[in-house]
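Residue numbers (our numbering): 1 to 180.
Note that CB positions come from ideal geometry on N, CA and C, so glycine has one too.
Remember, predicted model here, so these are calculated numbers, not experimental data.
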Amino acid sequence: MSELVPDQPRAHGRLPNHSIGRLLIMVGLLALVLQLAVVGGRWWLGRVPDYEVGEMVPRTITTPVAFRTLDPAATEQLRLEEGRRVAPLFRFDGSVADRQVAAFEAVYDAVRDQVRKNHERLEAPDSGDADAESKRFADLVAAFRLVRPEFPLTVELARTWVGDDHGSALRNETAAAIRA
1 MSELVPDQPR AHGRLPNHSI GRLLIMVGLL ALVLQLAVVG GRWWLGRVPD
51 YEVGEMVPRT ITTPVAFRTL DPAATEQLRL EEGRRVAPLF RFDGSVADRQ
101 VAAFEAVYDA VRDQVRKNHE RLEAPDSGDA DAESKRFADL VAAFRLVRPE
151 FPLTVELART WVGDDHGSAL RNETAAAIRA
């Protein structure tokens, strides 16, 4: 019969008894180290209290880094001083005015067309009664203001839009002012 060497595994893939003992000791030590790490971490966190702004600390706290308190006046002064040291950067985009004019004209034309369509739809046959027509027109403007409160439509502007020139002069003046 052949003799087995003590450090080699036995037949059928089994380890000798003393190898299992070593393995159990290693696993036990690893579990002990992990448990101490968890308990030690809880103990350390329990010793470091959380302080809120304005709270008085019952003991002296020493920090390993320089500690600066926030002073709003000094911070603003420092921000202004540092801002003066940095040169301003200005960029010019020549197409901005054209884009804004195009956006203004699109909104202006859309709102003008909407007011004109509403006026044509609500326009009654010529009754000769200027007061009734004026009242209907004021109601038209009031209804438009309810639907589009962000657009400052005045009665005069609405009258210009439904008139013969459709507000072209006002549109062109405003576009020129935007470009200027």
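Practice prompt. In the DSSP assignment, find the alpha helix (DSSP H) that holds residue 83 and state where it starts and stops.
Written response: 72-85
Practice prompt. Pick out whichever of 136, 32 and 111 has its Cα sitting closest to the Cα of residue 150.
Written response: 111
Worksheet item: Can at least three beta-carbon pairs, one atom from the region 94-107 and one from the region 137-147, be found at a separation below 8 Å?
Response: no
Fill in: Outcome for residue 160 when other beta-carbon atoms lying within 10 angstroms are tallied against a minimum of 16
Under this definition residue 160 is a buried residue.
Item to complete: Note down, one range per segment and in chain order, each alpha helix (DSSP H) of at least 4 residues found wholly within the region 91-151.
Response: 96-122 and 130-147
Item to complete: Tell whether a beta-carbon distance below 8 Å holds between residue 101 and residue 180.
Response: no
Practice prompt. Please go through the same chain and pick out, in chain order, the residues whose beta-carbon is closer than 7 Å to the beta-carbon of residue 122, but skip the five residues on each side of it.
Written response: 136 and 140
Item to complete: Quick one: give me the first and last residue of the alpha helix (DSSP H) that residue 157 is part of.
Response: Membership of residue 157 in the alpha helix (DSSP H) is indicated by the continuous run 155-162.
Discussion item. Comparing C-alpha positions only, which one of 51, 25, 62 and 172 sits nearest to residue 106?
Written reply: 172
Discussion item. So, at 7 Å on beta carbons, what are the nonlocal neighbours of residue 177 in its own chain, with the 5 sequence-adjacent residues on each side left out?
Written reply: none
Worksheet item: Who are the near neighbours of residue 158 in its chain, counting only those whose CB is closer than 6 Å to its CB and skipping five residues on each side?
Response: 115 and 141
Discussion item. Taking 8 Å as the limit between beta carbons, can you name the residues of its chain near residue 148, skipping five residues before and five after?
Written reply: 111
Discussion item. With H, G and I counted as helix, E and B as strand and the rest as coil, what does DSSP make of residue 20?
Written reply: helix
Worksheet entry | Range of the contiguous alpha helix (DSSP H) that encloses residue 174 | 168-179
Discussion item. Does residue 56 come out as helix, strand or coil in the three-state DSSP assignment?
Written reply: coil
Practice prompt. Have a look at residue 1 and residue 40 and give me their C-alpha separation to the nearest angstrom.
Written response: Its pLDDT being 48, under 50, residue 1 is placed unreliably in this model, and the value from its coordinates should be taken loosely. Spanning the two alpha carbons is a distance of roughly 55 Å.
Worksheet item: By Cβ distance below 7 Å, which residues in the same chain neighbour residue 168 in space, the five residues on each side in sequence not counted?
Response: For residue 168, where only same-chain residues beyond five positions count, there are no Cβ hits under 7 Å.
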